[in-house]
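One line per chain: the protein sequences are F, D and Z, in this order.
Going letter by letter, the first sequence gives residues 1 to 252 in our numbering.
Going letter by letter, the second sequence gives residues 1001 to 1361 in our numbering.
Going letter by letter, the third sequence gives residues 2001 to 2190 in our numbering.
Step one of this worksheet: look at the structure below.
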Amino acid sequence: MSKPFQVPKSLKKNPFHYCPGCQHGVAHRLVCEVIDELGIQDKSLAISSIGCSVFLYFYIDVDMTEAPHGRACAAATGAKRARPDLMVFTYQGDGDFAAIGFNESFQAAARGEKITSIMINNNIYGMTGGQASPTTLPGQKTTTTPAGRDPETFGYPPKIAEILATLEGVAYSARVALNSPKRIVEAKKAIKNAFLAQIKNLGFGFVEILSTCPINWKMDPVSAVKAVDKVIEYFPLGIFKDKVTPFLKNLK
Amino acid sequence: MKKDKKILAKGVEAIVFGALEAECKCYFGYPITPQNDIPELMSRELPKRGGVFLQAESELAAINMILGACATGARAMTSSSSPGISLMCESFSYLAALEFPAVVVNVMRGGPGLGGIETSQGDYFQATKGSGHGDFRFLVLAPSNAQEAYELTAKAFELAEKYRNPVMVLLDAILGQMKEPLVLKKLKIKKYPPETWALTGAKGRNSRFFRSLFLDAEELKQHNLKLMKKYQSMQKEIRYEAKIEEGDMVLVVAFGSMARLANEAIEDLRNKGYQVGYFRPITLYPFPYKPLKEIVTQAKKPLKILVPEQNCGQMVEDVKLAVEGKAEVISLPYPPSVVPFPEDLKKEIKKCLNLSKSRKV
Amino acid sequence: MRLELIIAGFGGQGVLFTGNLIAQASMLADYHVTYLPVYGPEMRGGTCNCTVVISKKTIASPLVLNPSFLIILNLPSFLKFLPRLKNKGKAIINSDLVKPEEIDNLEVLQKKHKLYFVPVNSLAESLGKPMLANICALGAFYKISKIFSKQNFEEALKYMLGESKAHLIEPNLKAFELGSKYIEEHYQIR
């Protein structure tokens, strides 16, 4: 009899350091399941970024290096160009990908680099203690928007998955969430397609994963998971660009 | 035996040929004057050899593309000029911390700020004293002619791999833009197999990771001590050129193109019977403290040391450290864009000699 | 043997190309050379100059305060660089733009230096190639300096022009000949 549920081979056995209710752990697991299913563990090169997920190398069992804050997509570009046979992916937060590193992210996507980027969007800077991030929601309270984010002074949160979808070089762009089993299944599909965009040499693969930060949202884990539904009102879930599915269909 | 090809080449072209001789595989860079010949030539030459050329969207991106490429063990190089190098400094710190063998070329121009595009040696401090945050060192090579630029650039790749540390080739715009004959010699550049350490996909081995974050105090201390030991071991790479004779009363210490002007001045003065010596550091880090100190302590007469630089006085501080107060050290600052002729240096040296004589009496 | 040459003129007169070509030809004649262009803002429209040092020995400084040879293609360059010419130095002067009769202290200068007035613009125009005035001056330099051979020049020219501009070799050689012949006919070269 086969075991229906196992720890992915590419997930290290280290206990997560993440806070209770944080969804990094779920996202890590999904990435590892996809790596296992695609059989790319021994040809992957991951770029970990700066933020809570900087310790990615303690959890995902593939070759990995850190990059300076925001520069993961540039580092991934260099690695992929030097070794096109490797499967190169970045795992970044919304601050790393969309604030300090947006130019590197945007340009790599525009060039159609054959890399995969996972952006965890929890609307806040978690590691530094809950400051506003580019994707902090209008009205959301953070330590640097104590009265709530006022778009008049702080501007509006950019919808990264939709923005990247407009770029010719992007082969796959989707926004997913992890606050229900169904959504988790969909998220995994999206991550797989973002990797397939690279494996099939179609272009930049991108998934924005809406995630929680109960500690900095000042919520208990259950309320935080529910609160993601509010986030979805501003950041709709969906697949905004998909060259992968038609490509795979044509193969059949 | 086939004779090596001799061409008339700019310093910046010599750098490209040196990199190609060392089988540099990747070049990433962003345009900035006065070093654009490097990316332009690389964009033509690298693809022919199966290499990768990519114009990055910024120096920030360029240096991190280097980081990614170096992580895979590929020979990778970037080049820029002063303001662009400043943008890369954060990542220099990461490259050193992660111990990636990057090669960086800085063709210096005048600063601070946007400065100008005229020649300068204003980035001496930046290159030798860290540039980014934390305790780290670049190995810095300062050629003074096209041939040396060719050979040192090729060597830079070997040294970068030997120490798994970034290496900088530092030159000023005069050297970058002037042309002189360059013999495209076959060079023996040692290779260090990346398979033993690099991120090549964890096939048949455990996965590897590189990090610079050590939240555990003891771990961070050990990491720093390990790096420090490495920088100490780099001392054996010290290179310099010296022309010293017994009885010299003035010693001119200069690097890069300034060393050429100084060399011309002292040769001329020596022919006229003046007792003048010359010392040119080729590695700026590690700086040749010991050889310089030995010259001073072994001198028969008290030496005066003149340090002309195309900046407001930077290397002079290392010269002072080297001589440990045993000789008078005089700074000759020439701010960016003001390049002295050898005649100007001769005047300064003579002034110095006269002072020495009068003191003797 | 050591020769320090400064070539100066307007941007667009081919000053840098000429210097580069002389350096290339001299290298082919087995000399040490350095070629230092003045680049940057001075390139655009204003005066432009470059320094070429040619020597049997290794060259330290590529910068020269007092050159032993000048190629002067316009009046501002004449005013700027002639005072820096070494005693007994030589100068080729574009007499179309710097007329000998308009030089106040011509006799004094001629006692100090050897001046060669060559109407390089007119020579080039006679070929129907006004752009080649610089190469006429280079022909004159060849004849006076005797550093490199005609074959060296031709080889350097081919190298510099490359395949895409190979059609320019012929007119360049003609301009070179004209400059060289002008010296032969108007000046005595020992």
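Ideal Cβ placement from N, Cα and C applies to all residues, glycine included.
In this text the structure is predicted, and so the values were computed from the model without any measurement.
Secondary structure in the region 163-195 of chain F: no alpha helix (DSSP H) run of 4 residues or longer lies completely within the stretch.
The beta carbon of Z:Q2024 sits closer than 8 Å to some beta carbon of chain D.
Of the candidates F:F55, F:R111 and F:G101, the residue whose Cα lies closest to the Cα of F:K80 is F:R111. The contact set of D:P1335 on chain Z, defined by CB atoms closer than 7 Å, is empty, because the minimum CB distance reaches about 16 Å.
Annotated as proximal: D:A1071 and F:T65, with beta-carbon spacing under 8 Å. In the three-state reduction of the DSSP assignment, F:Q6 falls in the coil class, being assigned neither a helical nor a strand state. In the three-state reduction of the DSSP assignment, F:T128 falls in the coil class. Residue pairing by DSSP leaves D:E1267 without any beta bridge partner.
The C-beta of F:N103 comes closer than 8 Å to at least one C-beta of chain D. Taking 7 Å as the upper bound on Cβ-Cβ separation, chain F lies near residues S1207, R1208, F1209, F1210, R1211, S1212 and L1213 of the region 1205-1221 of chain D. Relative to D:P1336, the option among D:G1115, D:F1125 and D:Q1222 whose CA is nearest is D:G1115. In the DSSP annotation of this structure, the continuous segment of the alpha helix (DSSP H) that includes D:C1089 starts and ends at S1082 to L1098.
D:A1242 has D:F1279 as its beta-bridge partners, per DSSP. Per the DSSP secondary-structure output, D:Y1124 pairs with nothing in a beta bridge. Contact fails between the region 1211-1226 of chain D and the region 1039-1053 of chain D, because fewer than three Cβ pairs, one in each stretch, are under 8 Å apart.
The beta-carbon of Z:P2083 is placed no less than 8 Å from the nearest beta-carbon of chain D.
As computed with DSSP, D:C1026 is found in a beta bridge with D:V1052 and D:A1076. Exclusion of the five residues before and after F:N121 leaves D94, T135, E208 and L210 as the residues of its chain whose Cβ lies within less than 6 Å of its Cβ. Linking F:G101 to F:H69 through their CA atoms gives a straight-line distance of about 7 Å.
Residues of the region 1077-1109 of chain D with a C-beta less than 7 Å from any C-beta of chain F: E1090, S1091, Y1094 and L1098, listed in chain order. Taking 8 Å as the threshold, the shortest C-beta distance from F:R83 to chain D falls below it.
D:V1103 and D:V1167 do touch by the CB rule: their CB atoms are close to 5 Å apart, below 8 Å. A distance of 8 Å or more separates the beta carbons of D:G1068 and F:A165.
Taking a Cβ-Cβ threshold of 7 Å, none of the residues of chain F is close to D:N1354; the smallest such distance is about 54 Å.
DSSP, read as helix, strand or coil, puts D:F1287 in coil. Close CB contacts of D:I1282 within its chain, under the 7 Å cut and outside five residues either way in sequence, are with L1141, A1142, R1239, Y1240 and E1241 (chain order). Taking a 10 Å sphere around the C-beta of Z:L2106, we find fewer than 16 other C-beta atoms and assign the residue as exposed. The Cβ of F:P134 sits no closer than 8 Å to any Cβ of chain D. At least 8 Å separates the CB of F:E37 from every CB of chain D.
Take the alpha-carbon of F:A161 and the one of F:C19: they are about 26 Å apart. If the five residues before and after D:K1025 are omitted, its C-beta is found closer than 7 Å to the C-beta atoms of G1051, V1052, A1074, R1075 and A1076, all from its own chain and listed in chain order.
In this structure, DSSP gives Z:S2061 a state outside helix and strand, which the three-state scheme calls coil. For Z:N2020, the neighbours in chain D by C-beta distance under 9 Å run, in chain order, L1008 and K1179. Our two residues, D:K1326 and D:M1315, have alpha carbons roughly 17 Å apart in a direct line. In the DSSP assignment, F:C52 forms no beta bridge with any residue. Uninterrupted alpha helix (DSSP H) stretches at least 4 residues long and entirely within the region 76-120 of chain F occur at 102-110, given in chain order.
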